[in-house]
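Below you'll find the structure, written out as structure tokens, and then a few comments.
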Amino acid sequence: MGQPLKLEVFETVDVPESPVFLLPEDVEEIRLNAYERGYVAGWDDCGHQTQEDDNSRRAAIARQVEQLNFTYHEARGHVLQALEPLFEALLGAVLPVAARASIVPLAVEQLLPLAHAAAEAPITLRIASGSRAAYEAAFDGLVLPPLEVVEVDDLQEGQVEFSFGTSESRLDLNHTAETIQRAVERFYQIQTEESRRA
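Have a look at this one:
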């Protein structure tokens, strides 16, 4: 039989330490150093905690602002979307009627300065077919120079042309109404594109 295996012992034998005697100045210095280290560690911990609190507050505020911003754009989009049919109805129904109703007074307004400048030269007023009665009613009671009212087929309601000598002038409320309608449609197209991107 072989010899038993001997392992090295790493334990240290407890040796009673001899008491250390410190001077009161050394004790006070150790105490002050411990207090200073604790004080600095407390300040560092407080600074880290304050920084974490500030960061979490900033993040919460940023989330709230983002939600408010999204809510504002969402509400604005809903309002504009709700108004779109109203604007389309106005542009489709009211604007052409308003243009037709406005053409006669606007034509008279344009005609009066020409009449004063014309003296005795004849003015030709070209209007849409079937609208002579409205113009004659508007001219009733006005002092006008020689005026020739001609109904033509190439003009629509809402359009009128004046000619005085070599100069000509044209009122086209249909074109104005179409321009307004295209502008409103373009506005809503832009709003829809922005809503999709948001």
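As numbered in this note's numbering, the sequence shown has no gaps in its residue numbers, which increase by one up to the final residue, 875. Just so you know, even glycine gets a beta-carbon here, dropped at the ideal spot from N, CA and C. Please read all numbers here as calculations on a predicted model, not as lab measurements.
Cβ pair residue i, residue j closer than 8 Å
i	j	result
Leu850	Gly835	yes
Leu824	Val837	no
Val827	Leu802	yes
Ile804	Phe841	no
Where residue i sits in the DSSP three-state scheme
i	result
Phe698	coil
Phe849	Inspection of the sequence shows that residue 849 is occupied by Asp rather than by Phe. The answer is strand: DSSP assigns Asp849 an E or B state.
Ser806	coil
Val704	helix
Thr843	coil
Glu685	coil
Gln866	helix
Glu838	strand
Leu832	coil
Leu824	strand
Classification of residue i by the beta-carbon crowding that lies within 10 angstroms, buried from 16 upward
i	result
Ile707	exposed
Ser733	exposed
Ala739	exposed
Leu709	exposed
Tyr812	buried
Ala737	exposed
Ala814	exposed
Sequence-distant residues of the same chain with beta carbon closer than 7 Å to residue i, five excluded per side
i	result
Asp731	none
Arg809	Val826 and Glu828
Glu845	Glu838 and Phe839
Distance, residue j Cα to residue i Cα
i	j	result
Ala718	Lys683	48 Å
Thr856	Gln866	15 Å
Gln726	Arg735	14 Å
Tyr712	Val686	40 Å
Pro696	Val704	14 Å
Arg863	His852	16 Å
Thr843	Gln858	34 Å
Glu688	Glu702	36 Å
Arg874	Gln868	10 Å
Glu870	Gln744	20 Å
Residue i Cβ short of 7 Å to the ligand MN heavy atom set
i	result
Phe687	The model on display carries no ligand, and the ligand MN is accordingly not part of it.
Within-8 Å CB hit, residue i to chain C
i	result
Ser840	Chain labels in this structure do not include chain C; a single protein chain is all it has.
Nonlocal neighbours in the same chain, by C-beta distance under 6 Å from residue i, ignoring five residues either side
i	result
Ser806	Glu828 and Asp830
Pro681	none
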